[in-house]
Amino acid sequence: MAPVTKTVVVYGATGAQGGSVARSLLQSTAGFHVRALTRNPSSPQAQELARLGAEVVKADGFNHDEMRNALDGAWGFWLNTHHHDPVFPTPDGIDDTIFGKNLISLAAKVGVKVLIYSTCESASEHSHGKVAVKGMDEKNKVFKYGVDQPEFEAVIGAFPGWYMENFVSPEYAACFGGFPLNEDEEGYLTFTSPRLGGPGEVPWIAVAEDFGDQIHGLFLDPAPYHGRTVQLFSDAVPLEVVAQTFTEVTGKKARYVPQASPSDFPTHGLGVLEELRDVFSFTQYMNGNFFGHPNDLKDSRALKRAAQVAKGQKETDLFTVREYFEKHFSS
Numbered sequence: 001m002a003p004v005t006k007t008v009v010v011y012g013a014t015g016a017q018g019g020s021v022a023r024s025l026l027q028s029t030a031g032f033h034v035r036a037l038t039r040n041p042s043s044p045q046a047q048e049l050a051r052l053g054a055e056v057v058k059a060d061g062f063n064h065d066e067m068r069n070a071l072d073g074a075w076g077f078w079l080n081t082h083h084h085d086p087v088f089p090t091p092d093g094i095d096d097t098i099f100g101k102n103l104i105s106l107a108a109k110v111g112v113k114v115l116i117y118s119t120c121e122s123a124s125e126h127s128h129g130k131v132a133v134k135g136m137d138e139k140n141k142v143f144k145y146g147v148d149q150p151e152f153e154a155v156i157g158a159f160p161g162w163y164m165e166n167f168v169s170p171e172y173a174a175c176f177g178g179f180p181l182n183e184d185e186e187g188y189l190t191f192t193s194p195r196l197g198g199p200g201e202v203p204w205i206a207v208a209e210d211f212g213d214q215i216h217g218l219f220l221d222p223a224p225y226h227g228r229t230v231q232l233f234s235d236a237v238p239l240e241v242v243a244q245t246f247t248e249v250t251g252k253k254a255r256y257v258p259q260a261s262p263s264d265f266p267t268h269g270l271g272v273l274e275e276l277r278d279v280f281s282f283t284q285y286m287n288g289n290f291f292g293h294p295n296d297l298k299d300s301r302a303l304k305r306a307a308q309v310a311k312g313q314k315e316t317d318l319f320t321v322r323e324y325f326e327k328h329f330s331s
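Here the UniProt record's numbering is used: position 75 in the sequence shown is 75, and no number is missing along the way.
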């Protein structure tokens, strides 16, 4: 007997997170119909999703009618918004928090049953008010707002680790000393930042390889995860070991140079960098626990494997930092 088709709306389907989610769900044998939302259906990314079988729909999150039509008849809703998007705040005062709550309210009103929202734990709550990280705190408020909506059967917070994909970003490399793209004056590819705290194990997520599968796994069986923020990552590696691994893979000189304090992290007056500085303050306060709790790959592995089964694929483990460097930097 064929599975009942469940429409899953993927917001921001041409972005890093949404694209990974859409591509994984499109390979599922579990009966998902993927409705991929984008502001530009003619973009190459949107056209590729259409070629893979997605229903590509033009929808702007600020357009109530477009979003209502896009969510009509949907069972599931994947939602990720970007609080550093330059559109926020809008002239009428809408910020990412209000924006996210508005979309969640609309989804609840039109009958969506399962909401998975890309979120964080609250730094302020975990540190008992000692350390605030605005983006983390606000994302957590939006998630809790979703949990409070009685129309949903399940609301799940997806808390991703640090993107491995940032290693190929020139902007990201420039913020952290140039690693792994640009040598310093001594000929090293240097990663410099405050220490994470505790054992220093950074939870890295391979968004393209693992994240979409993990969200796929949540949609396969959402009930056990209702009301939770779920750690989603691929590998936990200290920054010293990241640099060492890069050298082992490429033969290039790389190193990690820690800064004495989060206050030494250069922000250049930019909000996104000020928030990164605050994240280091939070993780140091939390003994290195970025997720607010110790890193635990149990859920990430189980969700990945569930998705692989649903896709009819051989079960493999999560992508490692070493594998990422081998894929993108090995000559």
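C-beta atoms are modelled at their ideal positions from N, C-alpha and C, and glycine is treated no differently. Since this is a predicted model, take the numbers as computed values, not measurements.
key: Best match in 11, 98, 245 for proximity to residue 60 [C-alpha to C-alpha]   = For residue 60, the nearest C-alpha among the options comes from 11.
Of the listed residues 229, 216, 280, nearest to residue 28 (C-alpha basis) = 216
request  = State the CB to CB distance for the pair residue 114 and residue 219, rounded to an integer number of angstroms; the pair is presumed to be in contact (CB under 8 Å).
outcome  = Right, the Cβ-Cβ distance comes to about 7 Å (below 8 Å), so this counts as a contact.
inquiry  = Give me the residue from 248, 224, 312, 240 with the minimum Cα distance to residue 259.
reply    = Proximity to residue 259 across 248, 224, 312, 240 peaks at 240, based on C-alpha coordinates.
query = Is the distance from the Cβ of residue 78 to the Cβ of residue 6 below 7 Å?
reply = no
request  = Would you kindly check if the distance between the Cβ of residue 133 and the Cβ of residue 290 is under 7 Å?
outcome  = no
message = For residue 193, list the residues DSSP reports as bridge partners.
response = 258
ask   = Are the CB atoms of residue 165 and residue 207 nearer to each other than 7 Å?
value = yes
query = How many Å lie between residue 222 and residue 189 at the Cα?
reply = When only Cα atoms are considered, residue 222 and residue 189 end up about 42 Å apart.
request  = Assess, as a yes-or-no matter, whether the stretch 308–327 is touched by the stretch 14–31 under the definition of 3 or more beta carbon pairs within less than 8 Å.
outcome  = yes
query = Using CA coordinates, which residue listed in 92, 97, 255 is at the minimum distance from residue 117?
reply = 97
inquiry  = Please state the DSSP three-state secondary structure of residue 238.
reply    = In the structure shown, the three-state DSSP call for residue 238 is strand.
ask   = Excluding sequence positions up to five away, which residues of its chain have a Cβ less than 8 Å from the Cβ of residue 1?
value = For residue 1, the predicted model reports a pLDDT of 44, less than 50, meaning its position is unreliable and no value from the coordinates is stated.
task = Thinking residue 265 and residue 194 are a contact (beta carbons under 8 Å), I'd like their distance in whole angstroms, please.
result = 6 Å
request  = Flag this pair as touching only if the stretch 153–160 and the stretch 229–240 have three or more C-beta atom pairs under 8 Å; answer yes or no.
outcome  = yes
task = Taking residue 64 as part of the alpha helix (DSSP H), name the residues at either end of that continuous run.
result = 64–71
request  = Using DSSP bridges, identify the partner residues of residue 33.
outcome  = 7
ask   = Exposed or buried, what is residue 255 when buried is set at 16 or more other beta-carbons lying within 10 Å of its beta-carbon?
value = buried
Whole-angstrom C-beta distance between residue 249 and residue 330, which should lie under 8 Å = 6 Å
task = Please name the residue in 108, 278, 42 whose C-alpha comes closest to that of residue 73.
result = 108
request  = Whole angstroms is fine: what's the gap from residue 201's alpha carbon to residue 192's?
outcome  = 15 Å
Segment limits, beta strand (DSSP E) that includes residue 43 = Neither: residue 43 is in no beta strand (DSSP E) and is coded neither H nor E.
key: Own chain residues within Cβ distance below 7 Å of residue 18, not counting five before or after   = Cβ neighbours of residue 18 beyond the five flanking positions: 10, 11, 12, 78, 80.
query = By DSSP, does residue 231 sit in helix, in strand, or in coil?
reply = strand
inquiry  = If contacts are defined as beta-carbon pairs under 8 Å, then residue 235 and residue 320 qualify, I think. What distance do you get, rounded to the angstrom?
reply    = Rounded to the nearest angstrom, the Cβ distance from residue 235 to residue 320 is 5 Å, consistent with a contact under 8 Å.
query = Would you report the Cα separation of residue 251 and residue 317, rounded to the nearest angstrom?
reply = 26 Å
query = So, helix, strand or coil for residue 291, using DSSP?
reply = coil
task = Could you check what DSSP says for residue 1 in three-state terms: helix, strand or coil?
result = Any answer about residue 1 is weak, because its pLDDT of 44 lies below 50 and its placement is not dependable; what the coordinates show is given next. Residue state, collapsed to three classes: coil.
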